[in-house]
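Peer 1: I'd like to ask some things about the structure below.
Residue numbers (UniProt numbering): 1 to 207.
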């Protein structure tokens, strides 16, 4: 519970409180922390491709802020997951995505999930599916509450593009990296956009 990606006492932190816990594999669950946590896992069709991966859930609360123009609810980032499913509980606007260099508000849809493609899926598909930069802004009137669940690859595995999505016309875009190394580098740097993914990009010289 608290804040994520805090690496020093001097840094400016996001305007958010986070409750986070692991839900898969089952033996890592701590249900006493959340009495209403289901006793069964959510099934994703991707599980056959990412066997023995982790699933976690988080509850994010963005309280009203007296000076919303001076803070951000969640810093610009891309989800470091395979997939993220987000439910905006009280349907308060705040989520924004970056498209063509501009921030676009995502209007909450009642009883609907927002599904984000994560960095892991972008790497595995060699850029066929792309993760998206997003952020959350806050307001001075009403708090925002959301619940998300993310599916992650197994910690002692590797991330690399699948060979059948690499060709002469679609060259290799990302370096092979262990999951441990990727997340170690992620936690060692300031959360900013797609910088962890950019560090793995392979530059190709155009003829």
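Think of the CB as a built atom: it goes at the ideal place given N, C-alpha and C, for glycine as much as any other residue.
Treat the numbers as computed from the prediction; the structure is a model and nothing was measured.
Which ranges does the alpha helix (DSSP H) cover as unbroken runs of at least 4 residues, wholly within the UniProt domain "Fe2OG dioxygenase" (53-155), from first to last along the chain?
Peer 2: The UniProt domain "Fe2OG dioxygenase" (53-155) contains these whole alpha helix (DSSP H) runs: 119-124.
Peer 1: Take residue 94 as the anchor and find which of 146, 101, 129 has the nearest alpha-carbon.
Peer 2: The residue given as residue 94 occupies position 94 in the chain shown. For the residues 146, 101, 129, the minimum Cα distance to residue 94 belongs to 146.
Peer 1: Compute the distance between the beta-carbons of residue 132 and residue 97, then report whether it is under 9 Å.
Peer 2: Counted from its first residue, the chain shown places residue 132 at position 132. Counted from its first residue, the chain shown places residue 97 at position 97. Going by C-beta atoms, residue 132 is nearer than 9 Å to residue 97.
Peer 1: DSSP three-state label for residue 184, please.
Peer 2: Reading the chain shown from its first residue, position 184 is the one you call residue 184. Residue 184 falls in the helix class under three-state DSSP.
Peer 1: Would you tell me roughly how many angstroms separate the C-alpha atoms of residue 59 and residue 69, rounded to the nearest one?
Peer 2: For the purposes of this step, residue 59 is taken as the residue at position 59 of the chain shown. For the purposes of this step, residue 69 is taken as the residue at position 69 of the chain shown. One C-alpha to the other measures close to 23 Å.
Peer 1: Have a look at 109, 110, 129 and flag the residue whose alpha-carbon is nearest the alpha-carbon of residue 118.
Peer 2: Translated into positions along the chain shown, residue 118 becomes position 118. For residue 118, the nearest C-alpha among the options comes from 129.
Peer 1: What distance in whole Å lies between the Cβ atoms of residue 126 and residue 186, which are believed to be in contact at a cut-off of 8 Å?
Peer 2: By one-based count along the chain shown, residue 186 stands at place 186. By one-based count along the chain shown, residue 126 stands at place 126. With 8 Å as the limit, residue 186 and residue 126 do not qualify as a contact, their Cβ atoms being about 20 Å apart.
Peer 1: Just to confirm before moving on: does the CB-CB distance between residue 56 and residue 85 stay below 9 Å?
Peer 2: In the chain shown, counting from the first residue as 1, residue 56 sits at position 56. In the chain shown, counting from the first residue as 1, residue 85 sits at position 85. Taking 9 Å as the Cβ cut-off, residue 56 and residue 85 do not qualify as a contacting pair.
Peer 1: Please state the DSSP three-state secondary structure of residue 28.
Peer 2: As a first step, residue 28 is located in the chain shown; it is residue number 28 there, counting from the start. Three-state result, residue 28: helix.
Peer 1: Candidates 113, 200, 180: which alpha carbon is nearest residue 83's?
Peer 2: Your numbering for residue 83 matches position 83 in the chain shown. The shortest Cα separation from residue 83 among 113, 200, 180 belongs to 113.
Peer 1: Since residue 201 sits in a beta bridge, which residues does DSSP pair it with?
Peer 2: Counted from its first residue, the chain shown places residue 201 at position 201. Beta-bridge pairing links residue 201 to 174.
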